[in-house]
Structure formats: structure tokens, C-alpha cells
Amino acid sequence: MTAMVYQAYGPPESIAVTTVDTPTPQRDQVLVRVKAASINLSDWEMLVGRPLYSRIWGLRRPRFRTLGSDVAGTVVAVGSAVAKLKPGDDVFGDIMGHFGGFAEYVTVPAAVLYAKPAELEFVTAATLPQAAVIALRGIWDRGQLVAGQHVLINGAGGGSGTFAIQLAKARGATVTGVDNEHKQDYMRSAGADHVVDYRREDFAAHHRRYDLVLDLVAYRPLSVYRRILTPRGRYFLVGGSMTRLLQAACVGPLLSLVGGQRLGVLAVEPQPDDFARAARLTIDGTLRPHVERTFPLRGVAEALRRVGEGHACGKVVVTM
Numbered sequence: 005m006t007a008m009v010y011q012a013y014g015p016p017e018s019i020a021v022t023t024v025d026t027p028t029p030q031r032d033q034v035l036v037r038v039k040a041a042s043i044n045l046s047d048w049e050m051l052v053g054r055p056l057y058s059r060i061w062g063l064r065r066p067r068f069r070t071l072g073s074d075v076a077g078t079v080v081a082v083g084s085a086v087a088k089l090k091p092g093d094d095v096f097g098d099i100m101g102h103f104g105g106f107a108e109y110v111t112v113p114a115a116v117l118y119a120k121p122a123e124l125e126f127v128t129a130a131t132l133p134q135a136a137v138i139a140l141r142g143i144w145d146r147g148q149l150v151a152g153q154h155v156l157i158n159g160a161g162g163g164s165g166t167f168a169i170q171l172a173k174a175r176g177a178t179v180t181g182v183d184n185e186h187k188q189d190y191m192r193s194a195g196a197d198h199v200v201d202y203r204r205e206d207f208a209a210h211h212r213r214y215d216l217v218l219d220l221v222a223y224r225p226l227s228v229y230r231r232i233l234t235p236r237g238r239y240f241l242v243g244g245s246m247t248r249l250l251q252a253a254c255v256g257p258l259l260s261l262v263g264g265q266r267l268g269v270l271a272v273e274p275q276p277d278d279f280a281r282a283a284r285l286t287i288d289g290t291l292r293p294h295v296e297r298t299f300p301l302r303g304v305a306e307a308l309r310r311v312g313e314g315h316a317c318g319k320v321v322v323t324m
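FYI, in this note's numbering the residues of the sequence shown are 5 to 324.
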């Protein structure tokens, strides 16, 4: 089979088109013929090896040589202990921790997959596992956003950011989206009430106060966010620099003990029930995945660059 393989951390050009053996599923695994795999910022980070936490599966060299964690496809073989899935079933899920989605076939534990509803195309289903679940946890579950509140979403023009805007508007909240200049109109089209180009404006200099800040690309200290939160506001970091991650993880909970604000890291480990929820919300129109562009399997390097360098609006998907 064909797989997109890299041997060392580096630029997209380090990915090579490689012919490898088709894997055989172990007793609790299934073999999936991949039909679509979406690009996440985490794929780019694991490719280049930055921030440092992206090397959790290999400090000097990557342990997993084929990236890709959000997949949709068809089961073609199952292990001896798999009972809930069978060959021919269409599935989707987040296979982070196993990876291998940028290939024609991948083996993964059956437990991390969910049956793809017939109403969803493979490309649409592949956009949901990481991006939609992060948005659901950040806006609805831990964020507890309600009608009349104001949320700031930093990185609102990407995959999770788009879903976060939609979920916030579904709750009747006011949304301020922050991203680069060429995503301003896109964020408005997704539902943002206010948009900020972080290269030209300092969103912290505005006089607005926010009930919730979802920080998808954190590069500023917690002190900045504390100033723009309401007295009982909530701040959750999803991604960003190693320094900011450590600050949010270690200092955030301590600051949360003083006063009414809550600050911390949004750690998400999506489960099949989350995928089912995201699928239902997509089918009923609450979530509206925006696929900016699709690439063939051999175009993975270009697809990764588009997301990693901040050019993509919404999601980018690789199709097989």
C-alpha cells in the first residue's frame, strides 16, 4: 500500500511517498481502508517537532512515521476479539496515539471508532473527531457558555475555531474571533460578531470583557487574559507555546483558587460518544463543517503546509 512516511522532524518536504506492507489487525483492532483524513494543527506540530510537547512520542526522532489521526473509511478486516464492527462498515474517529491516517490503510483499535452515519460524506466525517470535539468541550461542556455571554476565540479561523463560533452562536452568545487578516471575512461568515486581526490589533487593548476565552494558539501570558475576563470568566488553553502551556497547567489552577475566575488547560481525549454527538449536531445543522480544500494522498505535504503556516480557513482534507 502507499503511505506518506517521514523519518525525522523537519519541513513538509521530509515526507516521502512510500510503498509499505498492508498491516494486519491484531485481536482488538480493525483494518480500515481510509477514504478521507483531515489535517489538524497537531499533525503539523508532530511533523516539525515544535512545540516541544509535540515530541511526546519521540524526543529525538518520531516514533510514528506516518501522521494522520482524524480519519473516515471502511472496515475491511477485523481482529478475533472485535464484535461490534465488521468488514464493510463505514467508520470515523480520532486515532491519535496510533496515527497512520495518511495512508491507504490503517489498523486501529476498534474501540476508538464510531459508525459513520449514512447522512455524512466521508470528507465531512473526517473533519469532526478532533476539531468538533475540542469546540464542544471548550464552548459547551467546560466553557458552559449561555445566551447573552461574550466569548473570545483566539484562532477562530481554523478547524476548531470555526466549530467553536458555530456552537457559541447556537447558544445565543456574542462572539469575537481572532485570527490573521485574510480570515476576517471567513470568521464573519461563520457567525463571528466581531473580528480581530492579531497582527494589526491587540484584542487585549479593547474595553470588552469576556465570560469565556478559548485559546487555540496561546502565545501570551495568563496575566493578559485575566485582565480581559469578567470576574467569573473562564479561560481555557488548547494549543500554543510550551511556555504558555506550562503556565496554564501549573499556575492557572492556583490562580483559580483566588477569586471567581477559572484558568487552565483544556485537555481533550475524544471518545466514540463524542463522535456520535458531533455527527448528530452536523446532521441537524448546528455544526457546518467548512472544507476549504481537498488534496490527494500524495499532496499531504502541501496540505500540511497550508494548515501549519496558518493559511487554511476551516478544514483541509486528504482524500484517497
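C-beta atoms are modelled at their ideal positions from N, C-alpha and C, and glycine is treated no differently.
Check the C-beta distance from residue i over to residue j and give it rounded, since I have them as a contact under 8 Å.
i      : j      : result
Val127 : Val321 : 5 Å
Asp183 : Ala160 : 5 Å
Gly77  : Val95  : 7 Å
Arg146 : Thr180 : Their Cβ separation, rounded to whole angstroms, is 19 Å, which puts Arg146 and Thr180 out of contact at 8 Å.
Ser42  : Ala130 : 4 Å
Tyr223 : Ser245 : 5 Å
Leu308 : Pro16  : 5 Å
Thr70  : Gly104 : 5 Å
I need the straight-line Cα distance from residue i to residue j, nearest angstrom please.
i      : j      : result
Leu261 : Leu226 : 15 Å
Gly243 : His294 : 21 Å
Arg271 : His154 : Checking the sequence, you will find Ala at residue 271 rather than Arg. Those two C-alpha atoms are separated by around 22 Å.
Asp74  : Asp277 : 15 Å
Tyr229 : Glu125 : 39 Å
Phe207 : Val200 : 7 Å
Gln170 : Thr111 : 33 Å
Ile143 : Ala172 : 6 Å
Leu132 : Ala209 : 34 Å
Thr28  : Gly97  : 19 Å
Met5   : Ala135 : 28 Å
Val217 : Leu233 : 8 Å
Arg67  : Val24  : 16 Å
Ala168 : Leu140 : 7 Å
Thr298 : Arg266 : 38 Å
Val163 : Leu220 : Correcting the residue identity first, residue 163 is Gly in this sequence and not Val. The straight-line gap from Cα to Cα measures roughly 10 Å.
Ala177 : Gly101 : 34 Å
Pro113 : Trp48  : 24 Å
Over the uninterrupted beta strand (DSSP E) stretch that includes residue i, give me the two end residues.
i      : result
Gln33  : 33-42
Ile157 : 154-158
Phe240 : 233-241
Met50  : From DSSP, Met50 is part of no beta strand (DSSP E) but of the alpha helix (DSSP H) over 45-52.
Pro113 : 109-113
Looking at the unbroken alpha helix (DSSP H) that takes in residue i, where does it start and where does it end?
i      : result
Arg284 : 276-287
Would the beta-carbon of residue i be found less than 7 Å away from any heavy atom of the ligand HEM?
i      : result
Val262 : Judged by which ligands are present, the structure shown has none, so any question about the ligand HEM falls away.
Under 8 Å: do the stretch 57-65 and the stretch 75-91 share three or more Cβ pairs, one atom per stretch? In short, these stretches do not touch, since the Cβ pair count stays below three.
Length at least 4, wholly inside the stretch 157-205: the alpha helix (DSSP H) runs in chain order: Counting whole runs of 4 or more residues, the stretch 157-205 contains the alpha helix (DSSP H) stretches 163-174, 188-194.
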